[in-house]
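>
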Amino acid sequence: MKITTLLLGVLLAVKAVAATNEVAPAAAGSQAVLQDLQHKMASVKTVYLEFTQERVLKLFSDPLKSDGVMLIARPDEIRWETTAPYQSILLGDQKTVAQFEFSDGKWEKLKLGFPQLLQRIMQQMALMNQGKLDALMVDYTITVTTGDMTVLTMVPKDATVRGMMSSLEVHLLPDLSATKQVVMNEPNGDLTRITFHNEKRDVEFPAKTFDQSKPLDIAAVQTAVHNAP
Amino acid sequence: MRRNFLPLLLVLLVAGCAATPPEHPFTRPANLFPPDGVLVQRVLFTARGRQFPLNGYLALNEAGGKHLVVTENFGNVMAELLIKPDGQVFVLRSSRMFPERYIRRLMAEDVKCVFGGTPKLDCPVTMPETNRFVLDRGAYKLDIRIVETKAGVQPAAMFEEPVAVKQ
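As you go down the protein sequences, you meet chains D and E in turn. 957 is the number of the first residue of the first sequence in my numbering; add one for each residue after it. 137 is the number of the first residue of the second sequence in my numbering; add one for each residue after it.
1) Quick one: list the residues of chain E neighbouring PRO1041/D, beta-carbon separation under 7 angstroms, in chain order.
2) Going along the stretch 181 to 192 of chain E in order, which residues come within less than 7 angstroms of chain D, judged by CB to CB distance?
3) Assuming ASN212/E is part of the alpha helix (DSSP H), what are its boundary residues?
4) When you compare only the Cα positions, how much space is there between ILE1174/D and ALA199/E?
5) Between the alpha carbons of MET263/E and PHE269/E, how many angstroms are there, rounded?
6) Could you tell me how far apart the beta carbons of GLY1024/D and THR1038/D are, in whole angstroms, since I believe they sit closer than 8 angstroms?
7) In angstroms, rounded to a whole number, what distance separates the CA positions of THR1099/D and HIS1153/D?
8) How many Å lie between GLN1054/D and PHE1166/D at the Cα?
9) Roughly how many whole angstroms lie between the Cα atoms of LEU217/E and ALA1176/D?
10) Taking a cut of 8 angstroms between CB atoms, which residues from the stretch 1005 to 1021 of chain D lie near chain E?
11) Using the C-alpha atoms, what's the distance from PHE181/E back to PRO189/E?
12) Give a yes or no on whether the C-beta atoms belonging to SER1122/D and PRO291/E are separated by under 9 angstroms.
13) How is the beta strand (DSSP E) around ASN191/E delimited, first residue to last?
14) Assuming ARG1011/D is part of the beta strand (DSSP E), what are its boundary residues?
15) Alpha carbon to alpha carbon, how far is ASP1158/D from GLN913/D? Give it in angstroms, no decimals.
16) Go ahead and pull the three-state DSSP assignment for PHE1161/D.
17) Closest Cβ-Cβ distance between PRO127/E and chain D: below 9 angstroms?
18) For GLN290/E, which residues in chain D fall below 9 angstroms Cβ to Cβ?
19) Under a Cβ-count criterion, where at least 16 other Cβ atoms within 10 Å of its own Cβ denotes burial, should LYS996/D be classed as buried or exposed?
20) Leaving out five residues on either side along the sequence, give the residues of the same chain with a beta carbon under 8 angstroms from the beta carbon of GLN187/E.
21) Residues in the stretch 195 to 209 of chain E with C-beta within 8 angstroms of chain D's C-beta atoms, listed in sequence order?
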């Protein structure tokens, strides 16, 4: 549930990154901002972005960092790839999921345990990708603050979920055209922070980018994305 | 979403009791890890033919304390345990995937086996390469890669058992 929640937030953020440069209504309420986001999400076909994920555990001196790339293509394809300090690829659509690990100089497709969990995540992502943000309102109390950044704070309504994640923050530029961070706060003070950068919208991904048998190497994907007009 | 983990757990518990000790105890090369620091690990946990990729963050102190946090792909904590220098185990966080009983009886022993200072007979570990350990218990296997080593003294609180955590 928590993973789903995090990825919902990530997806919301990604779609915000992909939004157009229209200006959000001043002093908009939560519902209005969500509707604005939902409206802007409708036209985006693909999104490419890079991220840095920091796991902040209060007992540890330094955050534990990883880097990666996230790609989304309509209607329901997603690739979440960690590039450092280890290499792992998670691929999914509305029907199936696959994960690869790089070991011994080659990629190994995993025989995943509990693929239903990842499947659920992908289904939620597809829901978001279709702009059905209203679903969020069922599970979360959402508040919006505006200023230098627009921050959507989502608090789970379910007490059990809240016991694992106290809130999820999505930090967007004021015009909702880009998202800078997604922060998942835990009740004990630990958090996960994902910072996005180098986003590209509506780029054409090469064939096999989302291939669940043998995905195209991310370097080739990046070459195509960065060379796109 | 809901799934009964009991059969998996039972297999693992039985396996933990029935594993055949290797002929020679595992001896880790000296000075492979800093006495104080954090080892960031990528772990592939295999059980009943299924694979579960995990991340491990193991803090060490010179006195021999060990504090391990295990997360899944997206940072969700699956297990957290503290092993005191005298071997006492404190389970700080558990999950449906790794219940308290599993962490105490198996995970703690695996940490002692791979990262402990004293070689044990019941420690079927191989080192295919530097900073990689394969622990094969029979019914389950751990493929542990150390992907990052951060040397340095960690906060003392990390190695102190919290109040109200049972041993």
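Just so it is clear, CB atoms sit at the ideal spot from N, CA and C, and this is done for glycine as well. Since the model is a prediction, treat every value here as computed from it, not as a measurement.
A quick look at the data gives this:
1) As a first step, residue 1041/D is located in the first sequence; it is residue number 85 there, counting from the start. By Cβ distance, chain E contributes VAL176, VAL283 and GLU284.
2) Listed by position, the residues of the stretch 181 to 192 of chain E near chain D (Cβ gap below 7 angstroms) are GLY185, ARG186, GLN187, PHE188 and PRO189.
3) Start at 1 with the first residue of the second sequence, and residue 212/E comes out as number 76. In the DSSP assignment, ASN212/E falls outside any alpha helix (DSSP H) and carries neither an H nor an E.
4) Taking the first residue of the first sequence as position 1, residue 1174/D is located at position 218. Taking the first residue of the second sequence as position 1, residue 199/E is located at position 63. ILE1174/D and ALA199/E: Cα-Cα distance of roughly 43 angstroms.
5) The residue labelled residue 263/E in the question sits at position 127 within the second sequence. The residue labelled residue 269/E in the question sits at position 133 within the second sequence. Taken atom to atom, the span from the alpha-carbon of MET263/E to that of PHE269/E is near 5 angstroms.
6) The residue you call residue 1024/D lines up with position 68 of the first sequence. The residue you call residue 1038/D lines up with position 82 of the first sequence. Right, their Cβ atoms sit about 4 angstroms apart.
7) Looking up residue 1099/D in the first sequence gives position 143. Looking up residue 1153/D in the first sequence gives position 197. Taking the straight line joining both Cα atoms gives about 25 angstroms.
8) Start at 1 with the first residue of the first sequence, and residue 1054/D comes out as number 98. Start at 1 with the first residue of the first sequence, and residue 1166/D comes out as number 210. In the sequence as presented, Gln is not what sits at residue 1054/D; that position holds Ala. Taking the Cα positions, ALA1054/D is about 10 angstroms away from PHE1166/D.
9) Mapped onto the second sequence, residue 217/E falls at position 81. Mapped onto the first sequence, residue 1176/D falls at position 220. The alpha-carbon atoms of LEU217/E and ALA1176/D are separated by roughly 41 angstroms.
10) Under the 8 angstroms Cβ criterion, the stretch 1005 to 1021 of chain D contributes GLN1009, ARG1011, LEU1013, LEU1015, PHE1016, SER1017, ASP1018 and LEU1020.
11) In the second sequence, residue 189/E corresponds to position 53, counting from 1. In the second sequence, residue 181/E corresponds to position 45, counting from 1. If you take the alpha carbons of PRO189/E and PHE181/E, they lie about 6 angstroms apart.
12) Here the question's residue 1122/D lines up with position 166 in the first sequence. Here the question's residue 291/E lines up with position 155 in the second sequence. No, the pair does not count as a contact, with Cβ atoms beyond the cut-off.
13) Locating residue 191/E in the second sequence gives position 55, counting from the first residue. Unbroken beta strand (DSSP E) run through ASN191/E: 186 to 196.
14) Here residue 1011/D refers to the residue found at position 55 when the first sequence is read from its first residue. Where ARG1011/D is concerned, the enclosing beta strand (DSSP E) stretches over 1002 to 1012.
15) One cannot answer for residue 913/D here, as it falls past the ends of chain D, which runs 957 to 1185.
16) Looking up residue 1161/D in the first sequence gives position 205. PHE1161/D: coil per DSSP, three-state reduction.
17) The shown model of chain E, from 137 to 303, leaves out residue 127/E, and the question about it has no answer.
18) Here residue 290/E refers to the residue found at position 154 when the second sequence is read from its first residue. By Cβ distance, chain D contributes LEU1015, PHE1016 and SER1017.
19) To locate residue 996/D, count along the first sequence from 1; it is residue 40. Buried, since its Cβ has 16 or more Cβ neighbours within 10 Å.
20) Within the second sequence, residue 187/E is the residue found at index 51, counting from 1. The residues LEU180 and PHE181, in chain order, have a CB closer than 8 angstroms to that of GLN187/E in the same chain once the five nearest residues on each side in sequence are set aside.
21) Within the stretch 195 to 209 of chain E, the qualifying residues are ALA195, HIS203, VAL205, THR207, GLU208 and ASN209.
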